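Read the structure below first, then the notes.
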Amino acid sequence: AITAVLIGMVVFLSYGQLVQTQREVAIKRDIASRAALLERAFDEVTHDVRLVASLPAMRAVCGDDASSDASASRAEMASIGLSMLRAKPHYLQVRIFDGTVEGREVVRVARQGGEIRREDEARLQLKGHRDYYREALAAPAGKVSYSQVGLNREFGSIEVPHSPVVRASLRVERLDGSPAGIVTINVDFPALLGELLPEDTALLTYYVANEQGDYLWHPDDSREYGFDLGRPYRVQDDFPGMAAVFGPAGAESRVECEGARGCELVVFRRVPTFPEQPERFLVLGTMSTGGDVEASAAAIRARGLGSTAVVLLLGAAVAGVFAAALITRPLRGITEAADRVASGEDASLPVERRDEIGVLARAMDRMLGALRREERRLADVNIRLRAANEDLEHFAHIASHDLREPVSRVASLSDLALQIEADRLSEQSREVLTCLRDSSAQMVDLIRDFRSLTRIDRDDVVRAEVDLAEVVGAVVAEYRDRLDRREVRVEVEAQPRLALYVNLTRALYRNLVQNALDHGPERGMVLRFTASASEGDEGVWVLGVWNSGSTIPAGELERVFAPFRGGRGKRAEGEENSGLGLSICRRIVERHAGRIWAESGADFVHLKFMLGGRGDDADVC
36 AITAVLIGMV VFLSYGQLVQ TQREVAIKRD IASRAALLER AFDEVTHDVR LVASLPAMRA
96 VCGDDASSDA SASRAEMASI GLSMLRAKPH YLQVRIFDGT VEGREVVRVA RQGGEIRRED
156 EARLQLKGHR DYYREALAAP AGKVSYSQVG LNREFGSIEV PHSPVVRASL RVERLDGSPA
216 GIVTINVDFP ALLGELLPED TALLTYYVAN EQGDYLWHPD DSREYGFDLG RPYRVQDDFP
276 GMAAVFGPAG AESRVECEGA RGCELVVFRR VPTFPEQPER FLVLGTMSTG GDVEASAAAI
336 RARGLGSTAV VLLLGAAVAG VFAAALITRP LRGITEAADR VASGEDASLP VERRDEIGVL
396 ARAMDRMLGA LRREERRLAD VNIRLRAANE DLEHFAHIAS HDLREPVSRV ASLSDLALQI
456 EADRLSEQSR EVLTCLRDSS AQMVDLIRDF RSLTRIDRDD VVRAEVDLAE VVGAVVAEYR
516 DRLDRREVRV EVEAQPRLAL YVNLTRALYR NLVQNALDHG PERGMVLRFT ASASEGDEGV
576 WVLGVWNSGS TIPAGELERV FAPFRGGRGK RAEGEENSGL GLSICRRIVE RHAGRIWAES
636 GADFVHLKFM LGGRGDDADV C
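Below, the structure written as structure tokens:
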């Protein structure tokens with residue numbers, strides 16, 4: 036009798052833990068994958084804003100090049116914006132402003148009613164009074180600023196029907212550092228989320244909120260964007276236990292049981308979608324309604340209690356065998372299946388049973404099937420995003436290729452004129468031709484570096500095991516004449532052997548050496564290639580290039596890797612560099628799933644990086 040009672044108690048007490056554990060594993064996997072996709076979607080927007088801001092035509096549109104045809108440059112930028120809107124269905128507008136306090140639009144391409152077009156000049160507006168424009172104008176150079184997600188306004192009024200928008204903006208600078216213009220991309224926020232969140236919410240319900248907790252996505256759309264409509268609705272009011280997610284510590288996720296229908300598992304996760312604005316974030320929430328699972332669990336409870344009563348009447352021996360055969364073994368099978376699913380393996384459930392165990396198994400099987408379908412759909416979305424980016428990179432590659440030939444011809448012709456007409460040129464004419472030749476050569480360098488920037492994601496498909504000392508030695512050999520001429524003392528610390536994209540790593544060191552030469556003293560500089568094992572991360576190395584004789588202000592350390600922010604130094608031959616070298620370094624390190632940062636003192640600069648992760652591929656040659 037005691038054995039029977041114990042078996043009944045085990046069945047009664049353990050069923051709830053089994054069901055809740057399985058549901059918790061499922062929704063945590065789901066929200067983690069969707070949070071990662073949401074981060075990647077915003078990374079793509081940041082990348083596109085930087086791409087538009089770095090195009091040569093952009094500087095002409097903003098009036099940085101007095102010799103350029105502003106009208107033709109604006110037409111070229113409008114064409115690029117139209118291509119971008121066709122490639123990204125969730126983009127609403129690409130806009131270029133003049134960078135003044137008034138915020139006058141000079142180019143706007145927009146998606147309206149299924150049509151994509153360039154707006155006439157008569158419809159261009161002044162946006163200097165809007166918060167997103169003022170924030171972009173005041174932001175540090177090279178920083179992409181995001182507006183709050185909110186309802187779009189045109190000519191001062193909220194659009195009807197409502198159009199929730201988030202805007203990404205980047206200030207473009209003149210060579211003297213003054214603002215020359217601002218690039219802004221308007222993103223259709225519901226369309227972006229619609230590609231990441233499922234339409235079928237029979238098993239899971241989704242929520243999205245801003246850093247204040249205001250709902251941006253809710254099953255009841257009347258509770259969305261209440262802060263813009265004068266009736267705010269917040270996560271903290273509906274789920275008081277979730278307040279910690281919005282606190283300074285930013286708890287990664289919380290799970291609670293709430294709801295009038297019984298235990299509803301709720302998970303909220305903080306998503307750092309704005310990496311350059313750490314105080315800003317989105318919160319993604321998932322709730323498992325679990326109706327079928329709760330009904331099945333209740334039936335199992337009743338079955339377990341009834342079986343225990345029968346077993347008590349029949350005796351301890353019969354009770355043990357009967358309960359083990361009827362309840363314990365199937366439940367153990369479902370538990371083992373749940374463990375296999377949690378570890379990513381396939382598992383079969385006893386869906387063919389006709390009792391309550393079968394009802395529970397079928398409910399869990401439907402939930403797992405829905406999750407697998409969503410994983411496949413998210414994979415398809417990923418493929419489409421990658422294809423759209425490849426189209427944009429292809430366009431940028433063609434544009435830079437077409438620009439290089441005429442610019443090279445201008446450089447060659449001006450140099451030829453200087454040689455042939457040397458005796459007949461006035462001093463003023465010689466200065467003009469020399470300036471034209473040097474500027475054209477600088478533009479060729481800029482186009483070359485821009486093409487390198489767009490090719491990074493396509494080069495070196497697979498990593499290879501390589502001794503970094505060999506890579507460093509090869510780069511030093513390339514620069515040997517220049518290093519000797521400037522009396523540079525080269526020091527190389529012991530380098531590790533790592534799995535790397537070899538060509539990209541060589542380009543990384545080449546750009547870091549060039550940066551040190553651009554900004555270091557003309558004579559007597561020390562150039563050191565550093566390497567040290569990372570504390571606390573076994574197998575991870577902190578690499579770097581250290582040079583004496585230069586410094587970076589503390590306020591600029593975070594911005595030196597943005598395009599045209601690494602400083603414009605002078606090459607040994609006297610030609611100005613392109614300003615893209617450190618941007619290329621950052622892209623190469625990101626391709627390795629690593630990170631790069633700058634440290635500086637009164638008389639040194641140390642650019643450090645880690646080539647962590649496995650990158651985009653799964654194989655190492």
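If you want our numbering, it's the position in the sequence shown, counting the first as 1, plus 35.
The beta carbon of each residue, even a glycine, is placed where N, CA and C say it ideally should be.
Keep in mind that this is a model prediction, so the values were computed, not measured.
Hey, Phe644 and Gly629: beta-carbon distance below 8 Å or not? yes
Should Asn417 go down as buried or exposed, given a rule of 16 or more other Cβ atoms within 10 Å for buried? exposed
List the DSSP bridge partners of Ile151. Arg146
Residue closest to Glu593, alpha-carbon to alpha-carbon, out of Ala633, Pro199 and Ala423: Ala633
My output table needs one value for Glu591: the three-state DSSP class, helix, strand or coil. DSSP, reduced to helix, strand and coil, places Glu591 within a helical segment of the structure shown.
What number of angstroms, rounded off, separates the C-alpha of Met93 from the C-alpha of Asp272? Going by C-alpha positions, Met93 is about 46 Å away from Asp272.
With a threshold of 7 Å on Cβ separation, who are the neighbours of Ser449 within its own chain once the five nearest residues in sequence on each side are excluded? Leu468, Leu471, Arg472 and Ser475
How far does the alpha helix (DSSP H) with Thr135 in it reach, from first residue to last? Run containing Thr135: none; DSSP gives neither H nor E here.
Using a threshold of 8 Å, state whether the C-beta atoms of Thr565 and Gly579 are closer than that. yes
Just verifying my parser: in three-state terms, what is the DSSP assignment at Asn187? Three-state DSSP puts Asn187 in coil, outside helix and strand.
Determine the contact status of Leu535 and Ala512, defining contact as a CB-CB distance below 8 Å. no
Report back the beta-carbon spacing between Gly320 and Phe281 to the nearest angstrom; my notes put them in contact at under 8 Å. Rounded, the Cβ-Cβ distance is 12 Å, inconsistent with contact.
If you draw a straight line from the C-alpha of Ala398 to the C-alpha of Val179, how long is it? Roughly 46 Å between the two C-alpha positions.
For Val479, which residues in the same chain have their Cβ closer than 7 Å to its Cβ, ignoring the five residues on either side in sequence? Arg439, Val442, Ser443 and Ala446
Starting from Leu117, trace the alpha helix (DSSP H) both ways and give me its first and last residue. That run of the alpha helix (DSSP H) goes Ala105 to Ala122.
Once you ignore the five residues that flank Gly636 on each side, which residues in its own chain have a CB closer than 6 Å to its CB? none
From the DSSP output, read off the bridge partner residues of Phe668. Absent from the structure is residue 668, since the part of the chain shown begins at 36 and ends at 656.
Have a look at Gly602 and Ser213 and give me their C-alpha separation to the nearest angstrom. Any reading at Gly602 needs caution, since the residue's pLDDT is 47, under 50, leaving its predicted position unreliable; the model's value is listed next. In a straight line, the C-alpha of Gly602 is about 14 Å away from that of Ser213.
What first and last residue would you give for the alpha helix (DSSP H) that runs through Val267? The sequence shown places Pro at residue 267, not Val. Neither: Pro267 is in no alpha helix (DSSP H) and is coded neither H nor E.
Would you mind sorting Asn538 into buried or exposed? The rule is 16 or more other CB atoms within 10 Å of its CB. Asn538 should be labelled exposed.
Mapping DSSP to helix, strand and coil, what is His82? helix
Is the beta carbon of Val386 closer than 8 Å to that of Ala372? no
What does the alpha-carbon distance come out to for the pair Val201 and Ser182? 6 Å
The region 135-142 touching the region 255-275, judged by at least three CB pairs closer than 8 Å: Result no; under three Cβ-Cβ pairs closer than 8 Å.
What residues are listed by DSSP as bridge partners for Met277? Note: Met277 sits in no beta bridge, so no partner.
Going straight from the alpha carbon of Tyr260 to that of Pro225, what length do you get? About 12 Å.
Please list, in chain order, all residues of the same chain as Tyr168 whose beta carbon is under 6 Å from its beta carbon, the five residues on each side excluded. Gly138 and Lys162
Beta carbon of Leu227, beta carbon of Ala76: below 8 Å? Result yes, Cβ atoms of Leu227 and Ala76 sit closer than 8 Å.
Cα-Cα separation between Leu120 and Leu127, rounded to whole angstroms: Distance between the alpha carbons of Leu120 and Leu127: 7 Å.
CA-to-CA distance, Arg209 to Ser464, given in whole angstroms: 26 Å
CA nearest to the CA of Glu412, picked from Gly229, Ser204, Ala173 and Trp581: One point to set straight first is that residue 412 is Arg, not Glu, in the sequence displayed. Nearest C-alpha to Arg412 among Gly229, Ser204, Ala173 and Trp581: Gly229.
Pairwise C-alpha distance: Glu314 and Arg401: 39 Å
Same chain, Cβ closer than 6 Å to His641, neighbours up to 5 away in sequence not counted: Gly579, Trp581 and Glu634
Mind checking which residues open and close the alpha helix (DSSP H) that includes Ala633? Where Ala633 is concerned, there is no enclosing alpha helix (DSSP H), although the beta strand (DSSP E) it sits in stretches over Arg630 to Ser635.
Just tell me which of Glu505, Arg524 and Val525 has its CA closest to the CA of Leu533. Glu505
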